[in-house]
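Below is one structure, written out as structure tokens; the observations come after it.
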Amino acid sequence: MDGNPFQTLADELPDTEVAGPGYGQRELLAIGQLFRPDMPDGDLINLYFLVQDWHTGLDSAIYAEAFGRIEDLLLARMSGGVPEPVDARDWPGFEPEAHADAMEAVCAGQLSDWQLLEMYNLSSSERSNEDDEETGRRWQAVMDLSRCQILRRIKLARSRVLPEQGKGLETETVAPTDVASAEPKPDFELISLRNALKVAEEAFHPDMSPEKLVDLFVLVKSCGGPDVEVFNEIEDAVTASLMARMEAGEPDPEPGRQVPGFDPDEERKALKAVIKGRLPHANLLMLYRIALVYGRGDRAGKWLAIADLCRAQIIRRVAPPPLYAYGAPDRLERERSRLTLRVLAHDHPAGAFGSLKPGAGGAA
């Protein structure tokens with residue numbers, strides 16, 4: 478699309494033989510080839526985003542039926558198949574300057590499944606504000622958080638049916654001496670440090686996906702420490718690899734600058750820092766770890782949202798999508814085309830639109 482900024486989205490799609498001419502037929506054929514009831518969660522959101530963009534952005538009703546099928550499947554996964562009440566589709570609406578209210582609404586976790594999808598759609602449009610970079614970044618944060626919550630709701634609904642945690646690994650069993658004082662038994666088996674180390678060492682390799690590398694970073698940081706020196710080597714290797722890949726993907730915004738830590742009651746300050754997008758790589762990783770820890774406390778809602786935003790930003794720095802800069806010529810049209818080609822090719826690299834486990838059929 479570099480040669481012709483007015484080239485249409487349809488022109489970027491692969492040539493496909495379609496019975497009879499007609500507007501949107503190639504797109505509809507592509508949707509039919511891609512959509513399946515068992516497609517990975519991340520890919521389903523990608524396809525939802527793409528078809529919604531065609532349906533509303535191109536102002537064409539020919540995609541309505543396909544969009545409805547995709548939306549229904551996504552809502553069914555989020556709710557575990559339990560239909561939402563009719564009033565769950567009431568939409569208050571948010572003006573472009575109301576990004577703070579939108580962020581509060583998502584952080585509160587009170588949006589219905591349908592409202593959360595609408596927020597995802599709204600923020601995906603508002604984030605491309607080419608007149609105000611700061612506003613665009615704030616809506617990007619709303620979109621990142623909305624996507625994380627969509628995936629979390631799907632996983633939560635699925636976990637109620639398919640609890641799979643801890644299967645097949647050696648476990649540690651602690652027999653309490655005082656039955657009355659024993660803690661409630663968890664609904665999963667505890668994995669030993671030895672097995673956690675084994676998993677980390679076997680999983681780590683230079684070409685692992687950014688999402689898995691971030692997960693591994695959290696694992697080794699959680700298991701390591703001054704009293705667990707056995708993790709030092711793998712912890713150092715994983716951290717160095719993640720830092721190097723962040724630097725290769727996007728230069729450190731402010732190298733050498735040290736940002737002080739955040740106390741548990743400074744969630745608003747931390748949220749502002751991560752939305753601004755200027756934290757040095759090391760400080761972004763530090764804030765991610767802090768947010769995960771504070772997310773277990775009394776202020777869990779905001780800190781878990783901060784953790785989600787940090788994760789999305791880390792992955793984006795490792796593999797920034799092309800033409801991500803605000804104000805790029807014809808940016809929206811190019812991004813639609815880029816996403817279209819990735820979906821059609823089943824190519825889902827890291828970033829806001831990537832699968833967590835490419836080729837494995839898992840959730841992003």
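Be aware that the sequence shown starts at 478, since it is given in my numbering, and climbs by one per residue.
Ideal Cβ positions, reconstructed from N, Cα and C, are used throughout, including at glycine.
Assigned exposure category for residue i - 16 Cβ within 10 Å defines buried
{"i": "THR654", "result": "Low confidence applies here, because THR654 scores a pLDDT of 37, under 50, leaving its location unreliable and the question unanswered by this model."}
{"i": "LYS632", "result": "exposed"}
{"i": "GLN587", "result": "exposed"}
{"i": "SER636", "result": "exposed"}
{"i": "GLU744", "result": "buried"}
{"i": "ASN709", "result": "exposed"}
{"i": "LYS644", "result": "With a pLDDT of only 41 at LYS644, under the threshold of 50, the placement of this residue in the model should not be trusted, and no figure is reported."}
{"i": "ASP530", "result": "buried"}
{"i": "VAL715", "result": "buried"}
{"i": "LYS746", "result": "exposed"}
{"i": "PRO732", "result": "exposed"}
{"i": "ASP518", "result": "buried"}
{"i": "ASP520", "result": "buried"}
{"i": "GLU647", "result": "Bear in mind that the predicted position of GLU647 carries a pLDDT of just 37, short of 50, making it unreliable; the figure below should be weighed with that in mind. Classification for GLU647: exposed."}
{"i": "THR650", "result": "Low per-residue confidence applies at THR650: pLDDT is 35, beneath 50, and the placement is therefore not dependable, though the value from the model is reported in the following sentence. Classification for THR650: exposed."}
{"i": "VAL563", "result": "exposed"}
Residue i - partner residues in DSSP beta bridges
{"i": "ILE508", "result": "In the DSSP output, where bridge partners are listed per residue, ILE508 has none listed."}
Option nearest residue i by Cα separation, candidates the options
{"i": "ALA768", "options": "HIS758, LEU756, LEU781 and ASP775", "result": "LEU781"}
{"i": "HIS682", "options": "ALA725, GLY774, ILE627 and LEU719", "result": "LEU719"}
{"i": "ALA721", "options": "LYS749, SER636, PRO757 and ASP515", "result": "PRO757"}
{"i": "PRO728", "options": "ARG794, GLU678, ALA575 and PHE512", "result": "ARG794"}
{"i": "LEU761", "options": "PHE739, THR612, MET620 and ASP775", "result": "PHE739"}
{"i": "GLY754", "options": "ARG630, TRP568, ILE783 and PRO569", "result": "ILE783"}
{"i": "ILE792", "options": "GLU688, GLY558 and ALA673", "result": "GLU688"}
{"i": "GLN675", "options": "ARG546, CYS700 and MET685", "result": "Note on identity: in this sequence residue 675 is Lys, with Gln being the wrong assignment. Ranking ARG546, CYS700 and MET685 by Cα distance to LYS675 puts CYS700 first."}
{"i": "LYS627", "options": "GLY613, VAL559, VAL583 and LEU693", "result": "The question names Lys, but residue 627 is Ile in the sequence shown. Comparing Cα positions, the closest option is VAL583."}
{"i": "GLU572", "options": "ILE508, GLY545, TYR540 and GLY613", "result": "GLY613"}
{"i": "TYR771", "options": "LEU748, SER601 and GLU611", "result": "LEU748"}
{"i": "SER601", "options": "LEU670, ILE522, GLY558 and VAL559", "result": "ILE522"}
{"i": "ILE508", "options": "ALA538, ASP515 and ILE547", "result": "ILE547"}
{"i": "SER686", "options": "MET723, LEU670, VAL559 and PRO569", "result": "MET723"}
{"i": "ARG671", "options": "GLU706, ASP684 and VAL695", "result": "GLU706"}
{"i": "VAL695", "options": "PRO560, MET763, ASP684 and ILE668", "result": "MET763"}
{"i": "TYR540", "options": "ARG503, ILE668 and ASP567", "result": "ARG503"}
{"i": "GLU574", "options": "ASP684, VAL559 and GLU611", "result": "GLU611"}
8 Å Cβ cutoff met for residue i and residue j
{"i": "SER589", "j": "ALA565", "result": "yes"}
{"i": "LEU551", "j": "LEU594", "result": "yes"}
{"i": "VAL697", "j": "GLU712", "result": "yes"}
{"i": "LEU524", "j": "PHE512", "result": "yes"}
{"i": "ARG629", "j": "HIS576", "result": "no"}
{"i": "SER556", "j": "MET596", "result": "no"}
{"i": "TYR765", "j": "ARG788", "result": "yes"}
{"i": "PRO741", "j": "ARG776", "result": "yes"}
{"i": "ASP609", "j": "LEU786", "result": "no"}
{"i": "ALA717", "j": "LEU693", "result": "no"}
{"i": "ALA585", "j": "GLY778", "result": "yes"}
{"i": "VAL751", "j": "GLN790", "result": "yes"}
Supposed close pair residue i, residue j - CB separation, criterion 8 Å
{"i": "ARG604", "j": "GLN617", "result": "4 Å"}
{"i": "ALA680", "j": "VAL619", "result": "Contact flag wrong, Cβ pair sits at about 32 Å."}
{"i": "ALA422", "j": "LEU505", "result": "Any property of residue 422 remains undetermined from this structure, which presents the chain solely from 478 to 841."}
{"i": "GLY726", "j": "ALA673", "result": "Actually they do not touch by this definition, with Cβ atoms about 28 Å apart."}
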